[in-house]
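Visitor: One structure follows; several queries about it will come next.
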Amino acid sequence: MNDFHKRIFVAGHRGMVGSAIVRCLEDQGYDNIICRTHAELDLTDQAQVRAFFAAEKPQQVYVAAAKVGGIHANNSYPAEFIYSNLMVEANLIHESWRSGVSRLLFLGSSCIYPRMAQQPMSEDVLLTGKLEPTNEPYAIAKIAGIKLCESYNRQYGCDYRSVMPTNLYGPGDNYHPENSHVLPAMIRRFHEARLNDAPSVVIWGTGSPKREFLFVDDMARACVHVMDLPRETYDAHTEVMASHLNVGTGEDLSIADLAQMVSEVVGYRGKIQFDTSKPDGAPRKLLDISRMRKLGWKPTVSLQEGIALAYEDYCSEALVA
372 MNDFHKRIFV AGHRGMVGSA IVRCLEDQGY DNIICRTHAE LDLTDQAQVR
422 AFFAAEKPQQ VYVAAAKVGG IHANNSYPAE FIYSNLMVEA NLIHESWRSG
472 VSRLLFLGSS CIYPRMAQQP MSEDVLLTGK LEPTNEPYAI AKIAGIKLCE
522 SYNRQYGCDY RSVMPTNLYG PGDNYHPENS HVLPAMIRRF HEARLNDAPS
572 VVIWGTGSPK REFLFVDDMA RACVHVMDLP RETYDAHTEV MASHLNVGTG
622 EDLSIADLAQ MVSEVVGYRG KIQFDTSKPD GAPRKLLDIS RMRKLGWKPT
672 VSLQEGIALA YEDYCSEALV A
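Residue numbering for the sequence shown is 372 to 692, as defined by the numbering used here.
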């Protein structure tokens with residue numbers, strides 16, 4: 372039976388994923404959720420993190436805090452991406468162990484898998500090939516997070532778990548014109564093109580790469596589901612040194628088809644063009660989610676429905692701005 376009064380720390384609660392996890396926990400009746408802004412707690416500072424854990428004594432921790440971005444951001448700030456993410460996860464995982472946190476969930480990314488991995492990508496393909504160069508520093512940091520969890524489990528008997536989401540989108544996303552991921556970038560670009568009666572919208576790359584997208588509230592439900600699994604159930608569906616679980620939809624589409632879908636949701640009627648001088652990234656990134664399905668979770672929000680909800684969120688944010 373769940374203890375709905377347990378002290379739960381959601382690191383990164385202002386981000387898209389962290390805020391969705393908080394919503395999900397509150398919807399399920401959890402009423403003792405601990406949150407800190409970056410101004411209140413710098414997660415890259417070990418002394419601050421240690422003092423926080425000593426004072427607050429959380430029982431569960433969701434590691435949803437991360438420095439994230441699309442191809443442009445990853446290419447432009449590789450040092451920031453690897454340093455910030457390594458420091459945050461190392462501090463949170465180590466101090467969770469020091470303070471006796473009973474259970475922790477680390478959120479990774481599907482970019483941990485080799486660039487040319489067999490599709491769909493099962494958890495077993497981790498560390499079997501070269502990573503996508505455009506986001507290798509970020510991927511290395513996320514792989515380190517998985518291995519930190521596994522190492523603390525092996526040495527200290529901790530119960531630290533990892534989930535690897537596919538591309539996420541939804542309320543609270545980053546719609547920055549340069550540093551955002553592909554789907555929110557498209558939402559903004561098509562919206563502005565519609566407002567300005569632009570004759571065409573230019574999309575990076577050839578349009579041929581395929582991507583999988585998961586609505587962030589579906590991801591949050593998956594996180595809480597995995598966190599609440601009995602330890603014997605989680606252990607029975609994972610391996611000691613391959614303990615992460617893929618979270619996605621099991622379906623993908625081309626960037627060209629995604630652009631068409633976003634343009635229809637936004638109501639843009641102009642042409643869609645592709646700038647083939649820009650990088651495509653990995654040719655395909657589809658996750659094998661069979662383990663999560665066996666554990667009783669599946670996505671509920673379709674891509675078209677999710678894009679409509681995301682566009683509604685973007686419009687409300689644009690009005691506020």
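Even glycine gets a Cβ: it sits at the ideal position worked out from N, Cα and C.
1) Count the CB pairs spanning the stretch 600-610 and the stretch 539-553 that are closer than 8 Å, and state whether there are at least three.
2) Drop a sphere of 10 angstroms on the beta-carbon of residue 491, count the other beta-carbons inside from all chains shown, and report buried for 16 or more, exposed for fewer.
3) How far does the alpha helix (DSSP H) with residue 565 in it reach, from first residue to last?
4) So what's residue 484 in DSSP terms, helix, strand or just coil?
5) Excluding five sequence neighbours on each side, which residues of the same chain lie with their C-beta closer than 6 Å to the C-beta of residue 376?
6) With a threshold of 16 other CB atoms inside 10 Å of the CB of residue 527, please say whether the residue is buried or exposed.
7) Measuring alpha carbon to alpha carbon, tell me which residue in 383, 407, 450 is nearest residue 436.
8) At what residues does the beta strand (DSSP E) containing residue 535 begin and finish?
9) Ends of the alpha helix (DSSP H) at residue 608?
10) What are the start and end residues of the beta strand (DSSP E) that includes residue 642?
11) If you pair each beta-carbon of the stretch 620-639 with each one of the stretch 465-474, do three or more pairs fall below 8 Å?
12) State the start and end residues of the unbroken beta strand (DSSP E) segment that holds residue 617.
13) Kindly indicate the opening and closing residues of the alpha helix (DSSP H) around residue 433.
14) Pull up the CB-CB distance for residue 544 and residue 395, whole angstroms please, since I reckon it's below 8 Å.
15) When the distance is taken between beta carbons, is residue 532 closer than 8 Å to residue 597?
16) What is the rounded straight-line gap between the Cα of residue 401 and the Cα of residue 573?
17) Looking only at DSSP bridge pairs, what is residue 492 linked to?
18) Just tell me which of 521, 665, 485 has its CA closest to the CA of residue 657.
19) State yes or no: is the C-beta of residue 478 within less than 8 Å of the C-beta of residue 464?
20) Can you tell which of 390, 381, 498, 379 has the C-alpha that lies nearest to the C-alpha of residue 540?
21) Please report how far the alpha carbon of residue 529 lies from the alpha carbon of residue 509, in whole angstroms.
22) What's the gap between the Cα of residue 691 and the Cα of residue 542?
23) Let's test the definition: count the other Cβ atoms within 10 Å of the Cβ of residue 432 and tell me whether it reaches 16, buried, or not, exposed.
24) Residues in the same chain with beta-carbon distance under 6 Å from residue 627, minus the five sequence neighbours each way, listed in chain order, please.
25) Where do the ends of the beta strand (DSSP E) carrying residue 473 lie?
26) So for residue 586, helix, strand or coil by DSSP?
27) Cα-Cα, which of 615, 429, 559 is closest to residue 518?
28) Given residue 665, which residues of its chain have a CB within under 8 Å of its CB, disregarding the five upstream and five downstream residues?
29) As a quick exercise: from 407, 399, 454, 445, pick the residue whose alpha carbon is nearest that of residue 424.
30) For a test of the three-state rule: what should DSSP assign to residue 410, helix, strand or coil?
31) Give me the Cα-Cα distance between residue 399 and residue 648, rounded to the nearest whole angstrom.
32) Could you tell me how far apart the beta carbons of residue 430 and residue 483 are, in whole angstroms, since I believe they sit closer than 8 Å?
Guide: Let me lay it out:
1) The stretch 600-610 makes no contact with the stretch 539-553, as fewer than three CB pairs between them are under 8 Å.
2) Buried.
3) Its alpha helix (DSSP H) spans residues 553-566.
4) The answer is coil: DSSP assigns residue 484 none of H, G, I, E or B.
5) 403, listed in sequence order.
6) Within a 10 Å sphere around the beta-carbon of residue 527 sit fewer than 16 other beta-carbons, which makes this residue exposed.
7) With respect to the C-alpha of residue 436, the residue from 383, 407, 450 having the closest C-alpha is 383.
8) 531-536 is the extent of the beta strand (DSSP E) around residue 535.
9) From DSSP, residue 608 is part of no alpha helix (DSSP H); its letter is neither H nor E.
10) Counting along the chain, the beta strand (DSSP E) containing residue 642 begins and ends at 642-646.
11) Taking 8 Å as the limit for Cβ pairs, the verdict is that the stretch 465-474 does not touch the stretch 620-639.
12) Counting along the chain, residue 617 sits inside the beta strand (DSSP E) bounded by residues 615-618.
13) Here residue 433 belongs to no alpha helix (DSSP H); instead the beta strand (DSSP E) covers 431-434.
14) Their Cβ separation, rounded to whole angstroms, is 17 Å, which puts residue 544 and residue 395 out of contact at 8 Å.
15) Between residue 597 and residue 532, the C-beta spacing is below 8 Å.
16) Cα to Cα, the separation comes out at about 45 Å.
17) In DSSP, residue 492 forms a bridge with 658.
18) The residue with the shortest Cα to Cα distance from residue 657 is 485.
19) Cβ distance not < 8 Å, so residue 478 and residue 464 don't count as in contact.
20) Per the Cα distances, 390.
21) When rounded, the distance between both Cα atoms is 25 Å.
22) Because residue 691 sits at a pLDDT of 49, beneath the cut-off of 50, its placement in the model cannot be relied upon, and the following sentence gives the value as read from the coordinates. Straight-line Cα distance between these residues: approximately 14 Å.
23) The residue is buried, with at least 16 neighbouring Cβ atoms inside 10 Å.
24) Excluding five sequence positions before and after residue 627, the CB atoms of its chain that fall closer than 6 Å to its own CB belong to 578, given in chain order.
25) The continuous stretches of beta strand (DSSP E) do not include residue 473, and DSSP gives it neither H nor E.
26) DSSP places residue 586 in strand when its eight states are reduced to three.
27) With respect to the C-alpha of residue 518, the residue from 615, 429, 559 having the closest C-alpha is 615.
28) Only 608 meet the Cβ criterion.
29) The residue with the shortest Cα to Cα distance from residue 424 is 407.
30) Here DSSP, grouped into helix, strand and coil, assigns residue 410 to coil.
31) Going by the C-alpha atoms only, they are around 47 Å apart.
32) In fact, because the Cβ distance is near 28 Å, the residues do not count as touching under 8 Å.
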